[in-house]
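Colleague: Here it is, the structure in full.
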Amino acid sequence: MKIVGLDNLIFGVDNVADSARFLADYGLTPVDVTDRGGRFEAIDGTSVEIAHQSDTRLPAAPAPGCRLRKTVMGTADAATIDAIAAELSRDREVKRLPDGSIESVDDSGFVIGFQVTVRRPFSLAGEISNAPGSPIMRPVNSLGIIGPDAPIRPRSLSHLVYFVPDAIKAEAFYVNRLGFRCTDRFAGVGPFLQPGGSLDHHTHFLIGAPPQVQGVEHFTFHFGGPNELLANGYRFTQKGYQAFWGPGRHILGSNWFWYFNSPFACHIEMDADMDLHDATWAPREVALGADNSQTFLFKMREKWAPGPGIHTNGDYA
Amino acid sequence: MLCPATAIAEGRAKGFDLAEEGQDTIFVVRSGGRLHGFANACPHMAGAPMAWRRDAYLNSAGTRIVCHAHGAEFLPETGECVLGPCVGQHLTPVDIEVVPDGMLAVWLNQQKKQIVEE
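Just so you know, the protein sequences line up as chains C and Z, in that order. Counting with the numbering used here, you get residues 1 to 317 for the letters of the first sequence. Counting with the numbering used here, you get residues 1001 to 1118 for the letters of the second sequence.
Rendered as structure tokens:
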């Protein structure tokens, strides 16, 4: 099944205006946004959509306190939609919606939808560093930094992390019914999953958790590289947003990360430079812990320069 | 001394970075006319700071403290979690007091919780 990745996440929020400002400050582009909510797009058209939690257009939440109401995945073609509809209809309701998409529910109770992907192809080089000997370098006289006024936009909806009450059952659904592959695994916690139409290390990560925890740990968009991620995260903190973890670089997937709290009852991440894998990749299994969670971890600092009036211990005061 | 007690209106909260580490150590919320202080740490996950933006510790109605890591909701009067991953657990209370000049003060080394009326 050629599921290419996440297309759209729909949240029911407590405060539409605050949530809208949060997503715009993160770098997403508002599309058709009113005081009732709307869509916030990355460069390729993948998006997060918000509406007030009382909006009757929203599907029900899978558990109390979970603000994610629907996860929409994109497929390469209509034939994949039909194949998924046929597969899931064997044991659950599959709705055909007026826009041609289908809607059902996964084995953990999360509402899922499938549509021919909205992803718009685009060509925009990622960050390139000038490394001696490298055949690929930045053009002469082009600058490596991102100017203070240069916009930084997320490129594509990357991945979503579910807390699920039964990680084995949840994994079996995505692998056996929808054709996902496990690329790596935290032992006793859950798998990183890649759909059949993507090479990204993961579009889903499942974490087994007690039933009252069911919901979302985080979601994230891919940025153009570590410079963009660090510059965008720095700007985000300067606007008062509260970091949770990072910046750093994960080991499984190699993605740079920076996590923040959000008004969506979950964290939001900025990620960049995730590994690509195909079916020849042999999944790793590692124990959960700090050493296996990142190759390094930094903490945001205010800007600083040596000179008169500085602390006696300097930058590391 | 943290700030004038009157700087925190009903249904609002304010965080304080006492250790000057770039992240709030405690926050104070006014509910039912009273000020309540808590450590900025969700009982769900060790070391999880709770606001999503500076001073944004509450829901939009100002009636619940919300951990914006995973959505746990707490009663502002008691700090008890009533929704989400840590139902039944409590936020760690912090001793606060309004001193005679109207400034809000915090005692970090006392165990007893003190809820102060103006």
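No residue lacks a Cβ here, since even glycine has one placed at the ideal position from N, Cα and C.
#1: Would His1068 of chain Z pass as an interface residue toward chain C - the criterion being a Cβ-Cβ separation below 8 Å?
#2: If I'm right that Gly246 of chain C touches Arg1053 of chain Z with Cβ under 8 Å, what's the distance once you round it to whole angstroms?
#3: When you check each C-beta in the stretch 262-280 of chain C against every C-beta of chain Z, which residues fall closer than 7 Å?
#4: By how many angstroms is the C-alpha of Pro30 of chain C removed from the C-alpha of Phe163 of chain C?
#5: Using three-state DSSP, classify Phe22 of chain C as helix, strand or coil.
#6: Count the other CB atoms, across all protein chains shown, that sit within 10 Å of the CB of Pro1043 of chain Z; report buried if there are 16 or more and exposed otherwise.
#7: Out of C:Arg153, C:Phe186 and C:Ser129, state which residue places its alpha-carbon closest to the alpha-carbon of Gly144 of chain C.
#8: Does any residue of chain Z have a CB that is nearer than 8 Å to the CB of Gln212 of chain C?
#9: Nearest chain C C-beta to Leu1091 of chain Z closer than 8 Å, yes or no?
#10: Report, in whole angstroms, the separation of the C-beta atoms of Gly1011 of chain Z and Phe1027 of chain Z, which I expect to be a contact under 8 Å.
#11: Out of C:Glu103, C:Tyr26 and C:Asp166, point me to the one whose CA is closest to Ile81 of chain C's CA.
#12: Are Asp271 of chain C and Trp256 of chain C closer than 8 Å when you measure CB to CB?
#13: What residues match up with Asn8 of chain C in a beta bridge as DSSP calls it?
#14: Cβ of Ser1060 of chain Z less than 8 Å from any chain C Cβ?
#15: Can you check whether the CB of Thr71 of chain C is closer than 8 Å to the CB of Thr117 of chain C?
#16: Spell out whether any CB of chain Z is found under 8 Å from the CB atom of Gly215 of chain C.
#17: Is the number of C-beta pairs between the stretch 230-244 of chain C and the stretch 287-306 of chain C that are closer than 8 Å three or more?
Modeller: Inspection of the coordinates gives the following:
#1: Mapped onto the second sequence, residue 1068 of chain Z falls at position 68. With 8 Å as the cut-off, His1068 of chain Z counts as an interface residue toward chain C.
#2: Reading the first sequence from its first residue, position 246 is the one you call residue 246 of chain C. Reading the second sequence from its first residue, position 53 is the one you call residue 1053 of chain Z. Not quite, the Cβ-Cβ distance comes to about 17 Å (not below 8 Å), so this is no contact.
#3: Ser262, Pro263, Ala265, Cys266 and His267
#4: Residue mapping note: residue 163 of chain C aligns to position 163 of the first sequence, counting from 1. Residue mapping note: residue 30 of chain C aligns to position 30 of the first sequence, counting from 1. Distance between the alpha carbons of Phe163 of chain C and Pro30 of chain C is about 28 Å.
#5: Position 22 of the first sequence, counted from the first residue, corresponds to residue 22 of chain C. If DSSP states are grouped into helix, strand and coil, Phe22 of chain C belongs with the helices.
#6: To locate residue 1043 of chain Z, count along the second sequence from 1; it is residue 43. Burial call: buried.
#7: Your numbering for residue 144 of chain C matches position 144 in the first sequence. Closest option to Gly144 of chain C, Cα to Cα, is C:Ser129.
#8: Position 212 of the first sequence holds residue 212 of chain C. Yes, its Cβ sits closer than 8 Å to a Cβ of chain Z.
#9: Here the question's residue 1091 of chain Z lines up with position 91 in the second sequence. For Leu1091 of chain Z, the answer is no, since every Cβ of chain C falls outside 8 Å of its Cβ.
#10: Position 11 of the second sequence, counted from the first residue, corresponds to residue 1011 of chain Z. Position 27 of the second sequence, counted from the first residue, corresponds to residue 1027 of chain Z. Incorrect: roughly 14 Å between the Cβ atoms, too far for contact.
#11: Looking up residue 81 of chain C in the first sequence gives position 81. Comparing Cα positions, the closest option is C:Glu103.
#12: As a first step, residue 271 of chain C must be located in the first sequence, where it is residue number 271. As a first step, residue 256 of chain C must be located in the first sequence, where it is residue number 256. Yes, these two residues count as a Cβ contact at 8 Å.
#13: Against the first sequence, residue 8 of chain C aligns to sequence position 8. Answer is C:Ser47 and C:Val72.
#14: For the purposes of this step, residue 1060 of chain Z is taken as the residue at position 60 of the second sequence. Yes, contact with chain C.
#15: On the first sequence, residue 117 of chain C is found 117 positions in, with the first residue counted as 1. On the first sequence, residue 71 of chain C is found 71 positions in, with the first residue counted as 1. No; because the gap between Cβ atoms is not below 8 Å, this pair is not in contact.
#16: Taking the first residue of the first sequence as position 1, residue 215 of chain C is located at position 215. Interface residue, yes.
#17: yes
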